[in-house]
Amino acid sequence: MIEELRKIGLSDLEARCYLTLHEEGNLSGYEVAKRVSVSRTNVYAALRSLTDKGVCRAIEAEPVLYDAVPIGQLIRLLKADFEQTAANLLEQMQNPVRTSTSFYNWQGERALETAIRRLIANADKSIVVDLWSEDIHWVEEALLEAENRGVEVVLITIGESHTPLKKVIVHERQEAWNGAESRRFSILCDNRSALIGSFGKTLRLTALESDHPSVIELLQNGFYHDVVMERIGQDFAEELTAKYGSHYEAIIGPYKGLLE
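In the numbering used here, the protein residues as written are 112 to 371.
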């Protein structure tokens, strides 16, 4: 809860004071200080700041008492402020005209999580995500939100998944893949924005974001290949296994050395 309150602009101490007053209102600064085990000087400063921000209310008494603004009212206020600020920014700042494509590198868990949520949140029509089943938690919530707003979402997983997303293609995981140092992933939004990267224990989390046509085409071709092969596999599984092996070894075998 503290972390969530910090995301809306409260300091650690302000968040603790707000939670204390949310649980029990009409407390003096002294009583709040006792409950959060912080000096009265710091608590009084935090309470003044919360009052200035409109997060808490002061009740003129002797001593002054403090009460938390109900969380529902606070959230609606923050939403209204954000929407007004966003509208002002969109009106006053136009997206620059770009004459060339770009490549951006993201490193670390927080940067990668933010990039994933931003790309998915800005998709208008379609999202295609391809990753290992154990990494679905990185994208599932954002994808469900996208589905709810009418975006067509397709999730392709390596390994069985248990997600409520509507369109999921599952690839059987081969035994040889379990020792891989990294688990690659890709996200394609509206056929114009792409994120390619990898998760793994031995490698730092990294991803490449790009709108370059060759990257977009690469992911499109991969998606078409997945869809076609999934359908062919469903319709002709026994014939394919008999002719080419359970994992198409007869086809892939002569070329394995090229990629090792």
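In this text, a Cβ means the ideal position worked out from N, Cα and C, and glycines have one as well.
Margin query: Here's the rule I'm using: 16 or more other beta-carbon atoms within 10 Å means buried, otherwise exposed. How should Glu320 be labelled?
Written below: buried
Margin query: Just to confirm my understanding: we take Glu224, look at its own chain, exclude 5 residues before and 5 after, and list those with CB closer than 8 Å. What are they?
Written below: Correct list, in chain order: Trp249.
Notebook entry, point to check: In whole angstroms, what is the alpha-carbon distance linking Leu276 and Ile298?
Noted result: 15 Å
Next item on the list: Check whether the Cβ atoms of Thr317 and Ser309 lie closer than 9 Å to each other.
Entry: If you check the CB distance, Thr317 and Ser309 come in under 9 Å.
Item checked: Cβ-Cβ separation, Leu200 to Val240 (assumed contact under 8 Å), whole Å -> The pair is not a contact, with the Cβ atoms about 29 Å apart (cut-off 8 Å).
Margin query: If we require 3 or more residues per run, which beta strand (DSSP E) segments fall completely within the segment 187-248?
Written below: Here the runs fully enclosed are 214-218 and 237-243.
Checklist line | Span of the alpha helix (DSSP H) around Leu329 | finding: Pro324 to Asp346 is the span of the alpha helix (DSSP H), which, as asked, contains Leu329.
Next item on the list: Rounded to whole angstroms, what's the CA-CA distance from Phe214 to Leu116? Just pull it up for me.
Entry: 34 Å
Next item on the list: Can you give me the start and stop residues for the alpha helix (DSSP H) that Tyr177 sits inside?
Entry: Note, Tyr177: premise wrong, no alpha helix (DSSP H); beta strand (DSSP E) at Leu176 to Ala179.
Checklist line | Distance between beta carbons of Thr162 and Val147, contact taken as under 8 Å | finding: Contact doesn't hold; Cβ gap of about 16 Å is too wide.
Checklist line | Own chain, CB closer than 8 Å to Asp235, minus 5 neighbours either side, in chain order | finding: Excluding residues within five positions, the ones whose Cβ falls inside 8 Å are Val262 and Asp301.
Item checked: Gly140, enclosing beta strand (DSSP E) - first and last residue -> From DSSP, Gly140 is part of no beta strand (DSSP E) but of the alpha helix (DSSP H) over Gly140 to Val147.
Checklist line | 9 Å Cβ cutoff met for Ile231 and Ile238 | finding: Yes, these two residues count as a Cβ contact at 9 Å.
Next item on the list: List the endpoints of the continuous beta strand (DSSP E) containing Thr131.
Entry: Premise fails: Thr131 lies in the alpha helix (DSSP H), Asp123 to Glu134, not in any beta strand (DSSP E).
Next item on the list: Determine whether the Cβ of Leu185 lies closer than 9 Å to any Cβ atom of chain D.
Entry: Protein chain content of the structure displayed is limited to a single chain, and chain D is not contained in it.
Note to self: Buried or exposed, going by whether 16 or more other CB atoms sit within 10 Å of the CB of Glu125?
What the structure shows: Flag for Glu125 reads buried.
Next item on the list: Using three-state DSSP, classify Ile267 as helix, strand or coil.
Entry: strand
Check: Looking only at C-alpha atoms, which of Leu254, Glu256 and Asn137 sits nearest to Ile170?
Finding: If we check each option's Cα against that of Ile170, Asn137 comes out closest.
Notebook entry, point to check: Looking at C-alpha atoms only, which residue of Arg295, Leu254 and Asn259 is the closest neighbour of Val279?
Noted result: Ranking Arg295, Leu254 and Asn259 by Cα distance to Val279 puts Leu254 first.
Item checked: Alpha-carbon spacing of Ser150 relative to Arg260, whole angstroms -> 47 Å
Notebook entry, point to check: With respect to the beta strand (DSSP E) encompassing Glu320, which residues constitute its N-terminal and C-terminal limits?
Noted result: Thr317 to Ser321
Checklist line | Local Cβ density within 10 Å of Tyr177, reported as buried at 16 or more and exposed below that | finding: buried
Note to self: Below 8 Å on the Cβ atoms is my contact criterion, and I expect Ser272 with Ser244 to pass it. Report the Cβ-Cβ distance as a whole number of Å.
What the structure shows: 4 Å
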